[in-house]
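J.:
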Amino acid sequence: MKIVVFYISILAFFLISCESSTNQVSDKDIKAIEQNMEEQVECWNQFDIPCYMKHYWHSDSLLFIGKNGVTKGWQSTLDNYLEGYQDSTAMGELSFDNILIQKLDKETVQVVGKWYLKRSGMKSDIFGHYSLIWQKKNGKWVIISDHSS
7 MKIVVFYISI LAFFLISCES STNQVSDKDI KAIEQNMEEQ VECWNQFDIP CYMKHYWHSD
67 SLLFIGKNGV TKGWQSTLDN YLEGYQDSTA MGELSFDNIL IQKLDKETVQ VVGKWYLKRS
127 GMKSDIFGHY SLIWQKKNGK WVIISDHSS
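Going by this note's numbering, the residue at position 59 of the sequence shown is 65; the numbering climbs one at a time, nothing skipped.
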């Protein structure tokens, strides 16, 4: 009986070890998400909001939560960005500072960080925080949920 318990314990340990290793964020996943965010910064700083939006899930199920409340859907999120940032002065120069990147499951990653908009010609620069849920859809990492404040 002790031998059976011993082997079951070893098997359980092995299965737990394998499961936890599959939930680790791979370097490839992190690099892909960071590259997507760098592309978003480039698009924003070229005053191209539709380009910035290409890394958001193009779906009515996209969720955006900001200072004005909850927005559902890619098109509604794009429309809000276009309305809120009508010119290069309002858009300013964007930068991101990721604080935390963690894998929630093998195809879902949470990124928490700080955003900055340096805006010359405005009264002041603005900044806030974000919590992004990235998910792999059709082999590409896209934002399915964005909570920015």
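Note that beta-carbon positions come from the ideal geometry of N, C-alpha and C, so glycine has one too.
So for Ser-27, helix, strand or coil by DSSP?
T.: Confidence in Ser-27 is poor, its pLDDT being 47 and thus under 50, which makes the residue's placement too unreliable to answer from.
J.: Given that a residue counts as buried once 16 or more other Cβ atoms are within 10 Å of its Cβ, and exposed if not, what is Val-76?
T.: Its Cβ having fewer than 16 others within 10 Å, Val-76 is exposed.
J.: Distance check for Met-128 and His-64, CA to CA, integer angstroms please.
T.: The alpha-carbon atoms of His-64 and Met-128 are separated by roughly 32 angstroms.
J.: Please classify Gln-92 as buried or exposed, where buried requires at least 16 neighbouring CB atoms within 10 angstroms.
T.: Gln-92 should be labelled exposed.
J.: Relative to the C-alpha of Cys-57, which candidate in Asn-74, Asp-35, Leu-88 has its C-alpha closest?
T.: Of Asn-74, Asp-35, Leu-88, the residue nearest in Cα terms is Leu-88.
J.: Leaving aside the five residues before and after Ser-137 along the sequence, list all residues of the same chain whose C-beta is less than 7 angstroms from its C-beta, in chain order.
T.: Correct list, in chain order: Gln-116, Val-118, His-153.
J.: Decide if Phe-133 is buried, meaning its Cβ has at least 16 other Cβ atoms within 10 Å, or exposed.
T.: Result: exposed.
J.: As a quick exercise: from Lys-120, Leu-68, Ile-107, Asn-51, pick the residue whose alpha carbon is nearest that of Thr-95.
T.: Checked all of Lys-120, Leu-68, Ile-107, Asn-51; the closest Cα to Thr-95 is Asn-51.
J.: If you run the structure through DSSP and keep just helix, strand and coil, what is Glu-113?
T.: Reduced to three states, the DSSP call for Glu-113 is coil.
J.: Report the rounded CA-to-CA distance for Glu-44 versus Lys-109, giving the unit in angstroms.
T.: Computed Cα separation, rounded: 19 angstroms.
J.: Anyone know if the C-beta pair for Asn-42 and Trp-121 falls short of 8 angstroms?
T.: No, they are not a contact pair.
J.: State the DSSP-derived secondary structure class of Gly-75, mapped to helix, strand or coil.
T.: Looking at Gly-75 - three-state DSSP - the assignment turns out to be strand.
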